[in-house]
Amino acid sequence: MKAVILAGGLGSRLAEETHTRPKPMVEIGSRPILWHIMKIYYAHGVRDFVICCGFKGYMIKEYFANYSLHMSDITFDLGANRLEFHRQNAESWRVTLVDTGENSMTGGRLKRVAAYLDPNEPFCFTYGDGVADTDISATIAFHKSHGKLATVTAVRPPARFGALRFEGDDVTGFVEKPEGEGGFINGGFFILDPSVIDRIEGDASSFEGEPLGSLAADGQLKAWFHKGFWQPMDTLRDKIQLENLWASGNPPWKVW
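323 is the number of the first residue of the sequence shown in the working numbering; add one for each residue after it.
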């Protein structure tokens, strides 16, 4: 099964990092968050990726062009003009990098990579800026069992602020980062039938708009409920939090 990852947006809410590089190339623990997402899928047997590039997409292409070089012990024999690899730690990924336009919306980017997908095989689809310990294998099995066109991973958003407890107007306590802030939301990590792409009009289409709306209206959208860790990297605060979790030595999304 292939995994399509959106990696072309501007990431304006993380401008401190994204004015010089694509948001998926912002690093957590010296590796791009895109790498972390791909490792999550790889842990569940997904090794074939289609990356939707846009803003500064050449940086993503250069990263993968040099990936084996950076992940290996090597000898440069300058006299013989030869490069010898001694120990390769690179994953056995197949990565297709597609320029989907700088200004395309999420649905438009997906529509532009349709030619690189098997028309008879469902595929994974997610955003290039969020990590989770969601069970990809179980989500795929759930999707195949219900027979609908699309599955979305439903998550509870992480709390961003502490909460006060009251009795009348007396503050009786303080809860640091209470669990969730409301109902379930779209957490990405979709499984889609290729026919879903037919519901996307063009570059200006947001996947979260008409395609998902029509799928829900037609009874073709099922939810996989993930109650574990999920964290997007929307702001600098989010990035710092993910960095701290990685530095702790036990980041919850590291399932590999």
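For every residue, glycine included, the Cβ atom is placed at its ideal position computed from N, Cα and C.
Between the CA atoms of F407 and A472 - distance to the nearest angstrom | Reading the sequence shown from its first residue, position 150 is the one you call residue 472. Reading the sequence shown from its first residue, position 85 is the one you call residue 407. Looking at the two C-alpha atoms, the distance is approximately 42 Å.
Ends of the alpha helix (DSSP H) at W568?
-> Here residue 568 refers to the residue found at position 246 of the sequence shown. L558 to A569 is the span of the alpha helix (DSSP H), which, as asked, contains W568.
H468 - DSSP class collapsed to helix/strand/coil | As a working note, residue 468 is residue 146 in the sequence shown. Helix at H468.
Per DSSP, which residues does Y449 bridge with? Please list them.
-> Numbered from 1 along the sequence shown, position 127 holds the residue referred to as residue 449. Answer is L328.
Is E443 near M323, with beta carbons less than 8 Å apart?
-> Within the sequence shown, the letter at position 121 stands for residue 443. Within the sequence shown, the letter at position 1 stands for residue 323. Cβ atoms of E443 and M323: closer than 8 Å.
Euclidean distance between Cα positions of D609 and I327 | Only positions 323 to 578 of the chain appear in the structure, and residue 609 is not among them; the question remains open.
May I have the straight-line CA-CA distance separating V577 from Y363, to the nearest angstrom?
-> Numbered from 1 along the sequence shown, position 255 holds the residue referred to as residue 577. Numbered from 1 along the sequence shown, position 41 holds the residue referred to as residue 363. Taking the straight line joining both Cα atoms gives about 9 Å.
Assuming A454 and G367 make a contact with CB atoms under 8 Å, what is their CB distance in whole Å?
-> Taking the first residue of the sequence shown as position 1, residue 454 is located at position 132. Taking the first residue of the sequence shown as position 1, residue 367 is located at position 45. The Cβ separation is near 17 Å, so there is no contact.
State the start and end residues of the unbroken beta strand (DSSP E) segment that holds L405.
-> Counted from its first residue, the sequence shown places residue 405 at position 83. Where L405 is concerned, the enclosing beta strand (DSSP E) stretches over R404 to Q410.
With a Cβ-Cβ cutoff of 8 Å, do Y438 and A412 count as a contact?
-> What you label residue 438 is simply residue 116 of the sequence shown in a count that begins at 1. What you label residue 412 is simply residue 90 of the sequence shown in a count that begins at 1. It is not a contact, given that the beta carbons lie outside the stated cut-off.
Among W357, K470, K378 and G452, nearest to P344 - alpha-carbon criterion | Start at 1 with the first residue of the sequence shown, and residue 344 comes out as number 22. Of the listed residues, the one whose Cα sits closest to P344 is K378.
Just tell me which of G505, I513, T428 and S426 has its CA closest to the CA of H620.
-> The structure shown does not extend to residue 620, since the chain is modelled only from 323 to 578, so the question has no answer here.
Any chance the region 565-577 sits against the region 540-553, with 3 or more Cβ pairs inside 8 Å?
-> yes
Does the Cβ of R559 have 16 or more other Cβ atoms within 10 Å, making it buried, or fewer, making it exposed?
-> On the sequence shown, position 237 is the one that residue 559 refers to. Counting Cβ neighbours within 10 Å, R559 comes out exposed, since fewer than 16 surround it.
Relative to the C-alpha of S480, which residue among L564, C374, F371 and K466 is closest?
-> The residue labelled residue 480 in the question sits at position 158 within the sequence shown. Position check: residue 480 holds Pro in this sequence, whereas Ser was assumed. Among L564, C374, F371 and K466, the Cα nearest to that of P480 belongs to L564.
Using only alpha-carbon positions, find the residue among Q410, G571, E384 and G430 that is nearest to D520.
-> Start at 1 with the first residue of the sequence shown, and residue 520 comes out as number 198. Nearest C-alpha to D520: G430.
Close beta carbons around S527, own chain, < 6 Å, minus the five adjacent residues each side = Position 205 of the sequence shown, counted from the first residue, corresponds to residue 527. Correct list, in chain order: M427, G429 and G430.
How about G423 and R434: do their beta carbons lie closer than 8 Å?
-> In the sequence shown, residue 423 corresponds to position 101, counting from 1. In the sequence shown, residue 434 corresponds to position 112, counting from 1. A contact, by the Cβ cut-off of 8 Å.
If you count every other CB in all the chains shown that lies within 10 Å of the CB of F445, and 16 or more means buried, which is it?
-> Numbered from its first residue, the sequence shown carries residue 445 at position 123. Label assigned to F445: buried.
C-alpha gap between K466 and P516, whole angstroms = For the purposes of this step, residue 466 is taken as residue 144 along the sequence shown, with counting starting at 1. For the purposes of this step, residue 516 is taken as residue 194 along the sequence shown, with counting starting at 1. Between K466 and P516, the C-alpha separation is close to 13 Å.
Below 8 Å CB to CB, which residues in the same chain sit around C375 once its five sequence neighbours on both sides are set aside?
-> If you number the sequence shown from 1, residue 375 lands on position 53. If we look at C375 and ignore the five residues flanking it on each side, its Cβ neighbours are A329, G330, P344, I382, K383, L419, V420, D421 and T422.
Same chain, Cβ closer than 8 Å to T557, five either side skipped, listed in chain order = Taking the first residue of the sequence shown as position 1, residue 557 is located at position 235. R335 and L336, listed in sequence order.
Measuring CA to CA, which of L332, P346, E523 and A325 is closest to K561?
-> Here the question's residue 561 lines up with position 239 in the sequence shown. Considering only alpha carbons, the answer is P346.
In terms of alpha-carbon separation, which member of T461, S570, L432 and E523 lies closest to W546?
-> Numbered from its first residue, the sequence shown carries residue 546 at position 224. Comparing Cα-Cα distances from W546 to each of T461, S570, L432 and E523, the minimum goes to T461.
Mind checking P533: buried by the 16 CB within 10 Å criterion, or exposed?
-> Within the sequence shown, residue 533 is the residue found at index 211, counting from 1. Per the 10 Å Cβ criterion, buried.
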